[in-house]
């Protein structure tokens with residue numbers, strides 16, 4: 151039998167609502183809560199339950215949410231990825247977590263992966279009350295990720311982004327772009343391991359609401375998005391789990407930013423961007439995250 155229960159929750163963000171699962175450990179004591187969200191175009195059902203289950207089995211509550219316009223959350227148009235909106239969703243999730251009577255609201259942890267890992271850095275810097283943060287294979291430097299893609303693909307992505315932006319001004323249907331594709335195709339992630347890795351996460355989770363395309367205007371935002379620059383402003387302990395062979399969120403910039411975090415801890419793994427969600431790599435990754443939590447946010451710690 152599981153040592154936790156899962157509840158459906160909704161909380162307001164902007165003019166819409168975000169859907170979340172609250173994992174509640176079976177305990178009479180209030181436990182620290184880990185707020186969790188996915189990466190670029192990701193939905194909570196795709197891979198995040200594996201992490202939330204292990205955290206909850208260890209005694210931590212988890213609030214796992216979908217960004218607006220994705221998954222079970224509200225908002226139109228669907229699959230619109232907007233960085234300020236997603237950061238606002240993180241703020242809204244923190245505000246909501248503080249209202250939960252079943253958890254220890256004085257001990258809130260942020261957890262994000264990939265694009266969400268970058269959001270966690272920014273959000274932790276903006277919220278000094280956060281107890282700790284985990285940034286997994288984080289997207290930290292837009293220019294580095296953009297220029298990891300060949301220039302022909304970049305030009306096509308930029309053109310689609312401009313078309314989508316103009317469509318939004320004119321009130322027309324969004325122009326969308328593939329999230330993942332084979333090398334040389336017009337997609338946001340086209341490295342050798344992207345398509346196989348993305349599908350492995352989707353298939354292993356059984357998720358049916360994983361988007362294949364998102365609004366193309368995100369390509370214009372990526373060019374200047376550098377969440378890693380916020381690392382030096384993060385005052386809480388923050389764990390960076392970095393994949394050395396990451397072809398989507400290159401490790402070099404992340405390691406440069408991570409050492410600037412006053413209380414940053416870095417783990418390096420000989421894996422690619424998508425490896426640490428499944429199999430042996432997942433086990434190594436989750437073990438190190440649980441060790442970090444037990445050190446900095448122990449279950450028996452003060453409320």
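In my numbering, the protein residues as written are 151 to 453.
From the three backbone atoms N, C-alpha and C, an ideal C-beta is built for every residue, glycine too.
Enclosing beta strand (DSSP E) for residue i [first to last residue]
{"i": "residue 255", "result": "253 to 263"}
{"i": "residue 250", "result": "It is not in any beta strand (DSSP E) - residue 250 carries neither H nor E in the DSSP assignment."}
Residue environment, residue i, which counts as buried when at least 16 other CB atoms sit within 10 Å
{"i": "residue 194", "result": "buried"}
{"i": "residue 326", "result": "buried"}
{"i": "residue 288", "result": "buried"}
{"i": "residue 269", "result": "buried"}
{"i": "residue 229", "result": "buried"}
{"i": "residue 248", "result": "exposed"}
{"i": "residue 297", "result": "exposed"}
{"i": "residue 409", "result": "exposed"}
{"i": "residue 169", "result": "buried"}
{"i": "residue 435", "result": "buried"}
{"i": "residue 181", "result": "buried"}
{"i": "residue 413", "result": "exposed"}
{"i": "residue 151", "result": "In this prediction, residue 151 scores a pLDDT of 48, lower than 50, which makes its location untrustworthy; no coordinate-derived value is stated."}
{"i": "residue 437", "result": "exposed"}
{"i": "residue 162", "result": "exposed"}
{"i": "residue 158", "result": "exposed"}
{"i": "residue 261", "result": "buried"}
{"i": "residue 209", "result": "buried"}
{"i": "residue 236", "result": "buried"}
{"i": "residue 374", "result": "exposed"}
Helix, strand or coil at residue i [DSSP, three-state]
{"i": "residue 432", "result": "helix"}
{"i": "residue 174", "result": "strand"}
{"i": "residue 287", "result": "coil"}
{"i": "residue 159", "result": "strand"}
{"i": "residue 453", "result": "Bear in mind that the predicted position of residue 453 carries a pLDDT of just 48, short of 50, making it unreliable; the figure below should be weighed with that in mind. DSSP places residue 453 in coil when its eight states are reduced to three."}
{"i": "residue 327", "result": "strand"}
{"i": "residue 299", "result": "coil"}
{"i": "residue 125", "result": "This structure does not reach residue 125, given that the chain is present from 151 up to 453, and the question cannot be answered."}
{"i": "residue 336", "result": "coil"}
{"i": "residue 151", "result": "With a pLDDT of only 48 at residue 151, under the threshold of 50, the placement of this residue in the model should not be trusted, and no figure is reported."}
{"i": "residue 363", "result": "strand"}
Expected contact under 8 Å - CB spacing of residue i and residue j to nearest Å
{"i": "residue 314", "j": "residue 365", "result": "6 Å"}
{"i": "residue 347", "j": "residue 423", "result": "7 Å"}
{"i": "residue 285", "j": "residue 389", "result": "7 Å"}
{"i": "residue 173", "j": "residue 223", "result": "Between residue 223 and residue 173 the Cβ distance is about 18 Å, and since that is not below 8 Å, they are no contact."}
{"i": "residue 368", "j": "residue 340", "result": "Their Cβ separation, rounded to whole angstroms, is 15 Å, which puts residue 368 and residue 340 out of contact at 8 Å."}
{"i": "residue 259", "j": "residue 283", "result": "7 Å"}
{"i": "residue 187", "j": "residue 292", "result": "That pair is no contact at about 19 Å."}
{"i": "residue 407", "j": "residue 378", "result": "3 Å"}
{"i": "residue 273", "j": "residue 257", "result": "Not a contact, Cβ separation roughly 16 Å."}
{"i": "residue 331", "j": "residue 345", "result": "6 Å"}
{"i": "residue 164", "j": "residue 238", "result": "6 Å"}
Bounding residues of the alpha helix (DSSP H) (the contiguous stretch that carries residue i)
{"i": "residue 234", "result": "233 to 247"}
{"i": "residue 417", "result": "It is not in any alpha helix (DSSP H) - residue 417 instead sits in the beta strand (DSSP E) that spans 414 to 419."}
{"i": "residue 404", "result": "401 to 408"}
{"i": "residue 353", "result": "344 to 355"}
{"i": "residue 373", "result": "Unbroken run through residue 373: none, as it is neither H nor E."}
Beta-bridge partners of residue i, as assigned by DSSP
{"i": "residue 183", "result": "211 and 258"}
{"i": "residue 388", "result": "283 and 414"}
{"i": "residue 167", "result": "162"}
Residue-chain proximity (residue i, chain D), Cβ-Cβ < 7 Å
{"i": "residue 213", "result": "Reference to chain D is not applicable here, since this structure consists of a single protein chain."}
Closer than 6 Å: residue i CB and nearest the ligand FMN heavy atom
{"i": "residue 362", "result": "With respect to small molecules bound, the structure shown includes none, and the ligand FMN cannot be examined in it."}
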